[in-house]
Every structure is written in C-alpha cells, then in structure tokens.
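Peer 1: Okay, handing you the structure first.
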Amino acid sequence: MRYGYEHSILGEEDYIQFHYQFNIFSFLAIVNLIYGIPSIIILIKMSYFYCIHQKKPNPNGPHPAIFRQFIVMQAMCVCHVTIRLLTFRIPLTGLMTSWCASEEPMSTLQLFVFMNTGVAYGKYISIILFCFLRVVLLFSLDHVTEKIGRLLAYLSPLFIIFAFLLALPRFFTLSTCAQLGWPFPHGAIIIRTFIDHSSSVTPSALIIGFFVQPLTVLTVFTLVVLMFKKLRDKKRINSTRKANKKAERVLSATMIFLLFPVIVNYSIALFEFFDLINTISYIVHYISLDAQAHVITWYFYCTHPIFKKKVARKLVVKAVSTSK
C-alpha cells in the first residue's frame with residue numbers, strides 16, 4: 003500500500019474535471035484557522051506590551067532585546083503556518099485540485115513554494131537569533147546584551163531578506179501538484195517542488211534546504227547546551243528572586259521546546275532530499291509546525307510572570323505606597 007506521492011496531476015483530465023465536496027480535511031483546515039486566532043491575539047498583546055514597556059523594563063520581565071526577538075520569531079512561525087495552508091492544508095481538501103490540474107497556475111505554484119521556503123528560512127534565522135540572545139545574556143553583562151540587541155534590531159530585516167534570497171532557487175524550480183497516497187482520498191493533493199527522477203542532477207533548491215536545516219539544528223542544539231552549562235552555576239540561580247527564577251525557567255523551556263520541531267523539520271527535509279517523503283511524515287511535520295507556532299506562544303504567555311495579573315497588581319501597589 004502506497005503512503006507517499008502517487009503522481010503529478012498536472013494536465014490530467016480526471017483531475018481537471020474534479021468536483022470539490024466538503025470533507026473531513028476541509029473541517030480540519032477550518033479548525034486550524036480557528037485555533038490559530040488566539041496565537042495572533044497573544045502576539046498582538048505581546049507587541050503592545052513591548053511597545054509600552056520597552057523604555058521602562060520590568061525587573062521581573064525578559065530583557066527587551068530577547069522579548070522583541072521572541073515576538074519576531076513567533077510571528078514568523080505563525081506566518082509559516084499560514085503559508086502552509088496554501089501549500090498543504092487547503093490543497094488537501096480538494097478545493098484547489100481542478101485549478102492545479104489545469105496547468106495554468108504554474109508560476110503561482112512556484113510563488114507559493116518560494117514564499118513557503120522563504121518564510122521557513124526566515125523563521126530558522128529568527129529562532130537562532132532568539133537562542134543566541136538568550137545565551138549572550140547569560141554569559142555577559144546587561145549593557146553588552148543591550149548593544150547586541152540594538153544591533154540585531156537593525157540587522158533582523160537584512161537577515162529576513164537573506165532568507166528569501168536563499169529561497170529564490172525555489173521560485174526558478176518547477177513546482178507541481180501531487181496526489182497524496184493512502185489514507186488520503188482521490189483529489190487530495192499537495193503543492194511541492196517538482197523532482198525529475200530521470201535527471202542525475204539534484205535541484206539547487208533541495209541542496210540549499212538540505213544544508214540549511216542541519217545548520218539550524220546544530221546551532222540551536224549548541225546554544226541550548228551552552229545555556230544549560232551556564233545555568234548549572236548554582237550561585238547564579240540561588241541569588242535571583244523567585245519571579246526572576248521562574249522567568250529563567252520559562253526562557254530555558256522555550257529554547258528546549260524550539261529544538262524538537264526544528265529536528266522534526268530537518269528530518270522532513272532529509273526525506274525530501276532523498277525523495278523518501280511519505281504521508282505519515284508530513285502529518286508529523288504539520289503537528290510540529292503547529293506546536294512551534296501556537297503551543298510555544300501560549301506557553302510563554304501563560305507561564306511567564308510578566309504577564310501575570312498578580313505581578314501587575316503588586317507593582318501598582320508598590321508604586322502607590324512609595325509615592326505617599
């Protein structure tokens with residue numbers, strides 16, 4: 003029983019005449035949109051909170067540079083989930099099957115794949131920068147972190163542009179709509195880079211992806227190891243207040259949670275490079291994407307003491323008492 007891609011549907015009359023009907027995958031796509039809304043709302047609230055408090059940092063809150071990079075990182079993760087709606091979740095419903103099979107949207111398909119890859123690479127860079135700032139703050143003084151944070155604030159847009167330049171070969175590589183195998187029904191497709199099995203030359207787009215992914219995994223893993231090495235310093239942990247200690251734990255856990263989806267995504271890229279991709283791995287891939295975009299955002303917002311109402315009330319009471 004075949005689990006992977008059965009074939010490209012471009013130009014096939016059977017798929018051109020395909021008629022869409024609402025199905026379980028349509029329902030799941032709608033559910034995906036709905037449970038993504040809280041993440042967007044939380045990111046907006048975080049952005050507002052950052053803009054209000056960036057000039058007067060809260061002692062219980064994350065460093066402004068780390069907080070800003072976290073917002074950028076999670077915004078890129080949400081953007082990645084959103085663009086994947088166009089390349090996987092919606093095509094999976096059969097809604098785009100007839101349109102894709104007509105061979106008319108070739109340039110549009112290439113644009114979808116390019117945007118998906120560019121956002122993914124931008125997300126990886128944002129993850130590395132977040133972990134890097136976290137480690138720098140542990141190993142250096144606040145004023146050093148502040149200088150690096152200001153520098154990265156100017157460089158971040160350039161890094162995002164660089165990510166899309168890395169993804170540019172995807173735009174110039176043919177894309178296709180492929181029918182997915184079991185357990186997906188007839189008409190369930192996915193938009194992906196076309197792989198010519200008769201050619202001995204591997205597309206440069208796949209080669210770049212093959213190297214970008216492991217570099218991200220190794221960098222994030224190294225930064226996580228450095229973080230734990232520094233946190234083993236008992237004196238540093240014991241000297242911090244309870245609220246700060248909890249904030250440190252939240253940031254540390256966030257870095258760990260980031261590592262697992264990155265590893266899963268690399269595994270998918272590895273399978274794609276060797277054309278061993280299968281349907282089951284893609285399902286796991288999208289679960290990891292959702293976890294990276296939504297679960298980490300919810301976890302950070304719900305557990306970090308800076309967003310607790312009790313902390314906010316204590317700060318207000320303290321400010322009133324000192325003014326009398």
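Sequential numbering of the sequence shown, starting at 3, is according to my numbering.
Just so you know, even glycine gets a beta-carbon here, dropped at the ideal spot from N, CA and C.
(1) In angstroms, rounded to a whole number, what distance separates the CA positions of R86 and G151?
(2) Could you tell me which residues DSSP pairs with C179 in its beta bridges?
(3) Just checking my contact of F132 with F72 at CB under 8 Å: how many whole Å lie between their CB atoms?
(4) Take the Cβ of K125 as the centre, count every other Cβ of all protein chains shown within 10 Å, and call the residue buried at 16 or more, exposed below.
(5) Could you please give me the residues that DSSP links to S10 through a beta bridge?
(6) Among residues of its own chain, excluding the 5 on either side of T299, which ones have a beta-carbon nearer than 7 Å to its beta-carbon?
(7) Give a yes or no on whether the C-beta atoms belonging to G211 and T99 are separated by under 8 Å.
(8) Using the Cα positions of V2 and K231, report the straight-line distance between them to the nearest angstrom.
(9) Only counting the same chain, and skipping five residues up and downstream in sequence, which positions put a Cβ closer than 6 Å to that of V264?
(10) Starting from the C-beta of Y303, find all residues in its chain whose C-beta is less than 6 Å away, skip the five residues before and the five after it, and write them out in chain order.
(11) Buried or exposed, going by whether 16 or more other CB atoms sit within 10 Å of the CB of G13?
(12) Assuming Y17 and H296 form a contact by the criterion Cβ under 8 Å, report the distance between their Cβ atoms to the nearest whole angstrom.
(13) Between which two residues does the alpha helix (DSSP H) holding Y52 run?
(14) Consult DSSP for A156 and reduce its assignment to one of helix, strand or coil.
(15) What do you get for Y268, buried or exposed, if any count of 16 or more other CB atoms within 10 angstroms of its CB means buried?
(16) How big is the Cα-Cα spacing for I258 and I68?
(17) Taking only the alpha-carbon atoms, compute the straight-line gap between E250 and I127 and give it to the nearest angstrom.
(18) Between H9 and C179, what straight-line distance do the alpha-carbon atoms span, to the nearest angstrom?
(19) How would you write the range of the alpha helix (DSSP H) that F212 sits in, first residue to last?
(20) By how many angstroms is the C-alpha of F24 removed from the C-alpha of Y1?
(21) Mind reading off the beta-carbon distance from I193 to S206? Whole number of angstroms is fine, and I expect it under 8 Å.
Peer 2: Reading off the structure:
(1) 30 Å
(2) I193
(3) Indeed, because the Cβ distance is near 6 Å, the residues count as touching under 8 Å.
(4) buried
(5) A180
(6) S41, I44, L45, Q76
(7) no
(8) Residue 2 is absent from the model: the chain starts at 3 and stops at 326.
(9) Annotation for V264: T218, V219, V222 place their beta carbon closer than 6 Å to its own, counting only its chain and skipping 5 residues before and after.
(10) Here the set comprises I44, F309.
(11) exposed
(12) About 33 Å; that fails the 8 Å criterion.
(13) 26–55
(14) The question names Ala, yet the displayed sequence has Tyr at residue 156. Of the three classes helix, strand and coil, the one that applies to Y156 here is helix, per DSSP.
(15) buried
(16) Spanning the two alpha carbons is a distance of roughly 16 Å.
(17) 22 Å
(18) 9 Å
(19) 206–233
(20) Summary: the structure shown does not reach residue 1, with the chain confined to residues 3 through 326, and so no result is reported for it.
(21) No, I193 and S206 are not in contact; Cβ-Cβ is about 19 Å, not under 8 Å.
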